[in-house]
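Protein chains in written order, with the numbering used here: chain A, 1 to 596; chain B, 1001 to 1122. Each residue gets a CB set at the ideal place from its N, CA and C atoms; glycine is no exception. Please read all numbers here as calculations on a predicted model, not as lab measurements. So the structure is just underneath, and the comments pick up after that.
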Amino acid sequence: MSFVRSHILVSGGTHSPFSSNMEVAELFNQQLKKNGNRGDVMVVLTDLNIPALSPIALIYPEGTYYTVSSPQDIEQIVQEHVLRGQIVTHLLYKGVHLDSNNYSIDKTPFFKKQKRIALRNCGIINPEKIDEYIAHDGYQALAKCLTEKTPEQVIEIIDQSGLRGRGGAGFPTARKWLFAAQAPGTVKYVCCNADEGDPGAFMDRSVMEGDPHSLIEAMAIAAYAIGSEQGYIYVRAEYPIAVERLKVAIGQAEEYGFLGNHIFGTDFCFHLEIRLGAGAFVCGEETALMTSIEGKRGEPRPRPPFPAIKGLFGKPTILNNVETYANVAWIIDHGPEAFAAMGTERSKGTKVFALGGKIENTGLVEIPMGTTLREIVYDIGGGVPNKKKFKAAQTGGPSGGCIPADMIDISIDYDSLAEAGAMMGSGGLIVMDEDNCMVDIAKYFLEFTVDESCGKCSPCRIGTKRLHEILEKITSGNGEMTDLDLLEELCQHIKSSALCGLGQTAPNPVLSTLRHFREEYVAHVVEKRCPAGVCKNLLYYVILGDRCKGCTVCKNNCPTGAISGELKQPHHIDQSICVKCGACIEKCKFDAIVKK
Amino acid sequence: MAITIDELNAIRDREKKRIDISENQDGKIRVAIGMATCGIAAGAKSVLGALNREIERRNLKNIEVTQTGCIGVCRLEPIVDVYMPGREKVTYVKMDPEKAARIVAEHLVNQTVVVDYTIGTI
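Structure, rendered in structure tokens:
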């Protein structure tokens, strides 16, 4: 029995130029024989039920559909497709014409306003193939720095670009590198903060998983600039894929000689290692991070001395965020002026935001500094779903503050946000609508900071706990007006006396919501009411008598038996038994139950 | 084997030609699947498997299936980008193994975009 490697099915043709499909099949067989076919390609007559004027030839195993209008077509199909495996494009049976193309993500409104620098390769290259990184000008910047520039010149380029730290504080990167470069000593370290502890932030994860080499190249450049030979990437252990991709990338970079000794044949040597975090938010703070790398419990220490003078293992150290590094190679490749051309006077370049919350288009966006919040929420984010009203945007996670709706035209840059009592932060941007309670939001962030406080200093250890207790009091309906004054006073004390950024910024959500949404706090305290309908203790589930049909569905679904009523009679909820689980509202088909 | 700058440039020029679809005229189609945490969590691995299986079943020789990182629209993962020589890329979203098989049959083999699965339609 001979082996058939390919089938040609012939079918259809309502206005065929041939006398019959038998003739088409015969012509195919003739062509095959002429080209040396020994029976491993079989022609079959069939009916494919496809509407077509001319006969269709379906070639298996590929599944290609051709329109056959002349003996020349048959010749071409046999010679090019059957024998050489090349699809004959112009003979393909046309469905939708391919050229009218708006099917690319690049054409969507979400993408069009973005300017991708840090994320330039994410979603484009294969992160596990170093050659693809090289194809996109990878390691050109490192080569240029090592062979054409002095360390001082490299720092000068970064300075001219205006790059500021993307981890949240926005400290000028070049100035940090300069301090370390000028610090005495021959042993210096380059560190990368890849802890990304902010809840809801995943910008750094994206860079590490999608473009790990950009991080490696930038750290090598930084090491050259300050005179270091050893680097550490501190990655949170909750990012296993990022860790894996980094390991692969480091291995490949070592193989190609971009890491190790005498890189590009120069005197410059640089080695890179990964260190894993262990689930502590505080280890995203620079001194705590370094303490953790040293093998001790992650606790911050007082500054001065600053890490650039005395950091890891007591040596001059620079610590930069993943996103900061992701910009470095681009700046060297395209020149600092190109970077400085984007953004505002004092906030240059772009920023990556993790857009989340009550917004249509969640995800990562990279936009020039100076873009307004309105553009982010409506043009890029697609607006608030379900026709709800935009209430506020929270930036900076547990260290940040909120921007209320009446400030929606604010320019997103370091200084404008700081003035508004918010903070750029690492890039988390949570959009909130009318159904979010601002007091509850503040309480939620305090829960997080209380949990993550390392406990070393009293202002943070005790202060955040007390703040949380007061907020708990307010949201459960036991607040007093004096509590609001106490909150504010306590916040100021904690801010001014906490040892590290965690404590110093923990009060920000409270201060920010108090400043912009004081009336909500007052409603909780004075009226014992939650305007947004969130704080459970201040809510009452009520059955509207004129809408209730007495169908008993809610009564049957209530887990605590709080609903009473006869069939076909309006039902009633006993507030002392009700646990506000919401099951009744979900089940009611008549919209007869409301939260008040 | 530390490479020199000239070797670096040679790799760049060679790889650029290979993966740049506007210059690439030798007919190689590139299919990229988002395989960051978001993609994998959404099921990208089974989509990858389905693509490979279908391509092998049809004995297609000119297709490169590769992985890529997160493009930023995580809620639409698994995402598959199809790069065809001389044409703009097509972005398919919310993919699953069944849709993957259909894309191989209709788009990769018969060059017909499956419009319903593209990002513009969602």
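Task: Where A1036/B sits in the DSSP three-state scheme - done: Looking at A1036/B - three-state DSSP - the assignment turns out to be coil, as it is neither helix nor strand.
Task: Status (buried if at least 16 other CB within 10 Å, exposed otherwise) for R120/A - done: Classification of R120/A: buried, given that the 10 Å Cβ count is 16 or more.
Open item on the list: Quick check for students: name the residue ranges of the alpha helix (DSSP H) that lie wholly in the segment 49 to 86 of chain A, counting only runs of 4 or more.
Closed with: Qualifying alpha helix (DSSP H) stretches, in chain order: 71 to 76.
Open item on the list: Quick check on I1119/B - is its C-beta less than 8 Å from some C-beta in chain A?
Closed with: Yes - at least one Cβ of chain A is within 8 Å of the one on I1119/B.
- [ ] Say whether the segment 124 to 144 of chain A touches the segment 308 to 315 of chain A, bearing in mind that this needs 3 or more beta-carbon pairs closer than 8 Å, one atom from each stretch.
- [x] Too few Cβ pairs lie closer than 8 Å, so no.
Open item on the list: To the nearest angstrom, how far is the alpha carbon of S69/A from that of G383/A?
Closed with: When rounded, the distance between both Cα atoms is 52 Å.
Open item on the list: Tell me which residue opens and which closes the alpha helix (DSSP H) that L490/A is part of.
Closed with: Per DSSP, L490/A is one residue of the alpha helix (DSSP H) stretching across 481 to 497.
Task: Distance between A338/A and M369/A (C-alpha atoms, nearest Å) - done: Cα-Cα distance, rounded: 14 Å.
Open item on the list: Within a Cβ cutoff of 8 Å, which residues of the same chain sit near Q114/A, ignoring the five residues on either side of it in sequence?
Closed with: These residues qualify, in order along the chain: V365, E366, I367, I380.
- [ ] Could you tell me whether the segment 565 to 573 of chain A touches the segment 468 to 485 of chain A, using the rule of 3 or more Cβ pairs below 8 Å?
- [x] Between the segment 565 to 573 of chain A and the segment 468 to 485 of chain A, the count of C-beta pairs closer than 8 Å stays below three; the two stretches do not touch.
- [ ] Examine chain B for any beta-carbon lying closer than 8 Å to the beta-carbon of T89/A, and answer yes or no.
- [x] Between T89/A and chain B, the shortest Cβ-Cβ separation is below 8 Å.
- [ ] Return the bridge partner residues of C402/A from the DSSP annotation.
- [x] For C402/A, which the question treats as bridged, DSSP gives the partners Q394/A.
Task: Three CB pairs or more closer than 8 Å across the segment 1081 to 1094 of chain B and the segment 1027 to 1035 of chain B - done: Three or more pairs of CB atoms, one per stretch, sit closer than 8 Å, so the segment 1081 to 1094 of chain B contacts the segment 1027 to 1035 of chain B.
- [ ] Could you tell me which chain A residues have their CB closer than 7 Å to the CB of K1089/B, listed as they occur along the chain?
- [x] Neighbours of K1089/B on chain A, chain order: S104.
Task: Closest Cα partner of F171/A within the set E148/A, D137/A, E286/A - done: The candidate whose alpha carbon is nearest that of F171/A is E286/A.
Task: Members of the segment 206 to 222 of chain A that neighbour chain B once the beta carbon cut-off is set at 7 Å - done: Within the segment 206 to 222 of chain A, those residues whose Cβ lies closer than 7 Å to any Cβ of chain B are, in chain order, S206, E209, G210, D211.
Open item on the list: So I318/A and A174/A are supposed to be a Cβ contact under 8 Å. How far apart are they, rounded?
Closed with: 11 Å between Cβ atoms; not a contact.
Open item on the list: Quick check on DSSP: helix, strand or coil for V243/A?
Closed with: DSSP places V243/A in helix when its eight states are reduced to three.
TODO: Using three-state DSSP, classify K549/A as helix, strand or coil.
DONE: The answer is coil: DSSP assigns K549/A none of H, G, I, E or B.
Task: Identity of the residue in V542/A, C548/A, S347/A, E520/A nearest C535/A by Cα - done: When each option's Cα is compared against that of C535/A, the closest is E520/A.
TODO: Since I believe C402/A is in contact with A418/A (beta carbons under 8 Å), could you give me their beta-carbon distance rounded to a whole number of angstroms?
DONE: 14 Å between Cβ atoms; not a contact.
Open item on the list: Please report whether the beta-carbon of I494/A lies at a distance below 8 Å from any beta-carbon of chain B.
Closed with: No, I494/A lies away from the interface with chain B (no Cβ there is under 8 Å from its Cβ).
Task: Burial state of G1049/B, where buried means 16 or more other Cβ atoms lie within 10 Å - done: Burial call: exposed.
- [ ] Could you name the residues of the same chain whose beta carbon sits closer than 7 Å to that of S100/A, not counting the 5 residues immediately before and after it, in chain order?
- [x] Below a pLDDT of 50, predicted positions are generally treated as unreliable, and S100/A, at 49, falls in that range; the measurement from the model is reported next regardless. Taking C-beta separations shorter than 7 Å and ignoring five residues to either side along the sequence, S100/A has no partners in its chain.
Open item on the list: What would DSSP say about H271/A, mapped onto helix, strand or coil?
Closed with: Under the three-state reduction of DSSP, H271/A is assigned to strand.
Open item on the list: Looking only at its chain, what residues have a beta carbon closer than 6 Å to the beta carbon of F258/A, apart from the 5 residues adjacent to it on each side?
Closed with: Cβ neighbours of F258/A beyond the five flanking positions: Y139.
- [ ] Could you spell out where the alpha helix (DSSP H) holding T475/A opens and where it closes?
- [x] Its alpha helix (DSSP H) spans residues 458 to 475.
Task: DSSP beta-bridge partners of N320/A - done: In the DSSP assignment, N320/A forms a beta bridge with C192/A.
Task: the segment 536 to 550 of chain A / the segment 580 to 596 of chain A touching (three or more Cβ pairs under 8 Å) - done: The answer is yes - the segment 580 to 596 of chain A touches the segment 536 to 550 of chain A, with three or more Cβ pairs under 8 Å.
Open item on the list: Does L98/A pass the burial test, meaning 16 or more other C-beta atoms within 10 Å, or should it be called exposed?
Closed with: Residue placement at L98/A is flagged as unreliable, the pLDDT there being 48, under the threshold of 50; the coordinate-derived value follows with that caveat. By the neighbour-count rule (16 or more Cβ atoms within 10 Å), L98/A is buried.
Open item on the list: Nearest by alpha-carbon distance to Y540/A: which of V579/A, R518/A, V377/A is it?
Closed with: Comparing Cα positions, the closest option is V579/A.
Task: Contacts of A1002/B in chain A (Cβ-Cβ under 9 Å) - done: One finds Y256, G257, F258, G260, N261, H262, I263, F264, G265 in chain A with Cβ atoms closer than 9 Å to the Cβ of A1002/B, taken in chain order.
Task: Spatially closest choice to M1095/B from E1015/B, S1046/B, A1036/B, R1018/B, by CA coordinates - done: When E1015/B, S1046/B, A1036/B, R1018/B are compared, the shortest CA-CA separation from M1095/B is found for S1046/B.
Open item on the list: Am I right that P55/A and V24/A are in contact with their C-beta atoms under 8 Å? What's the rounded C-beta distance?
Closed with: About 5 Å separates the Cβ atoms of P55/A and V24/A, confirming a contact at the 8 Å cut-off.
Task: Stretch-stretch touch, CB-based, cutoff 8 Å, three pairs: the segment 253 to 268 of chain A with the segment 331 to 345 of chain A - done: The segment 253 to 268 of chain A is not in contact with the segment 331 to 345 of chain A.
- [ ] Select from the segment 30 to 63 of chain A all residues with a C-beta closer than 7 Å to any C-beta belonging to chain B, and list them in chain order.
- [x] Listed by position along the chain: P61, E62, G63.
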